[in-house]
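The structure appears below as structure tokens.
Residue numbers (the working numbering), protein chains in the order written: chain U, 126 to 206; chain H, 144 to 369.
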């Protein structure tokens, strides 16, 4: 097996696993903050959860970028023979 | 395993290759257009059950749009509502066996994001005129012009990657799990996929609304304060 393949597979797994850490921590903090806010002000739960969903999607995008990079490495790698 | 980043043409019309995603999109368009036409053919003051359901949907969308923009929902209802209903139907079309959702191929989310990019310009120009829209790029100060221009492209691009990545990864995971254990095991993942699909449709609609609103608000003439 060519070393480019090995490096690509390794880097794809590396990108997804380490790319998921940051968004996971960030989403945890966002949800915790939203829970806190809803517990304080249950009447504004609608607005908070809507904003939370939009924010979560924004945060999640970074992990999705990592996934796309990993798929590019695996399936559309320009260096691969 | 097939690459999720490229799709093979289903058949050719002359020199134009027709992708499976396009065929599914046509089917969804036909269903949505026919459904909307049938629902609104005989509107009555005292609504039938179907009309009441449709009114509920439209009312909910109107309320969401009003919450996000703080303005009347009428100019945005058609575009945002169609986006939401189309993406929701497309994401949930994976429930039909043998159908891959068109939003899981690269072309459809890219086209939708391009539509949002154009509509931001359209609504921005309509709200504040060409000068007002262009002035919005120089806020809060002219040093931000390159960054704002870059942002207007990257946010559309990130909408494209977000929708594509979420739907495609759902389809991909189900395919992998299905190849390992095809009986009953993928069902919880498919249920999760339904939730993701609904959330992504909602997010796409809300984000395009947020971006359009910010373009419109930036273009509005500044109120003199004190």
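A virtual CB, placed ideally from N, CA and C, is assigned to each residue, including glycine.
Only buried fits residue 244/H, as 16 or more other CB atoms lie within 10 angstroms of its CB. Residues of chain H with a Cβ closer than 8 angstroms to the Cβ of residue 182/U are, in chain order, 305, 342, 343, 346 and 350.
By the neighbour-count definition (other C-beta atoms within 10 Å, threshold 16), residue 160/H is an exposed residue. The alpha-carbon of residue 248/H is positioned some 12 angstroms away from that of residue 242/H. Per DSSP, reduced to three states, the secondary structure at residue 328/H is coil, with no helix or strand assignment. Per DSSP, reduced to three states, the secondary structure at residue 310/H is helical. Within the DSSP bridge table, the entry for residue 156/H names 159/H as partners.
At a cut-off of 8 angstroms, the C-beta of residue 177/U has no neighbouring C-beta in chain H. Any Cβ of chain H closer than 8 angstroms to the Cβ of residue 192/U would place that residue at the interface, and such an atom is present. Counting C-beta pairs closer than 8 angstroms gives three or more between the segment 190-205 of chain U and the segment 304-323 of chain H, which meets the contact rule.
Approximately 6 angstroms separates the beta-carbon atoms of residue 252/H and residue 246/H; this is inside 8 angstroms, confirming the contact. Among the residues of chain H, those whose CB is under 8 angstroms from the CB of residue 201/U are 146, 148 and 149, following chain order.
Residues of the segment 143-154 of chain U with a Cβ closer than 9 angstroms to any Cβ of chain H: none. Between residue 223/H and residue 322/H, the gap from beta carbon to beta carbon reaches 8 angstroms or more. Rounded to the nearest whole angstrom, the CA to CA distance from residue 363/H to residue 356/H is 11 angstroms. In the three-state DSSP reduction, residue 363/H falls in the coil class, being neither helix nor strand.
Residue 192/U and residue 156/U do not touch by the CB rule: their CB atoms are close to 21 angstroms apart, not below 8 angstroms. In the three-state scheme derived from DSSP, where H, G and I count as helix and E and B as strand, residue 215/H is classed as coil. Rounded to the nearest whole angstrom, the CA to CA distance from residue 175/U to residue 208/H is 12 angstroms. At a beta-carbon threshold of 7 angstroms, the residues of chain U lying near residue 309/H are 189, ordered along the chain. Residue 299/H counts as buried, since no fewer than 16 other beta carbons sit within 10 angstroms of its beta carbon.
Inter-residue distance for residue 147/H and residue 283/H is about 41 angstroms (C-alpha atoms, whole angstroms). Residue range 250-278 is occupied by the alpha helix (DSSP H) that includes residue 277/H. The Cβ-Cβ distance between residue 332/H and residue 317/H falls below 8 angstroms. DSSP places residue 188/H outside any alpha helix (DSSP H), giving it a letter other than H or E. Here the C-alpha atom of residue 129/U lies approximately 6 angstroms from the C-alpha atom of residue 205/U. Excluding its 5 nearest sequence neighbours in each direction, residue 254/H has no C-beta neighbour in its own chain below 7 angstroms. In the structure shown, the three-state DSSP call for residue 237/H is helix. The alpha carbon of residue 259/H has as its nearest neighbour, out of 164/H, 274/H and 295/H, the alpha carbon of 295/H.
Residue range 128-165 is occupied by the alpha helix (DSSP H) that includes residue 142/U. Annotated as proximal: residue 186/H and residue 194/H, with beta-carbon spacing under 8 angstroms.
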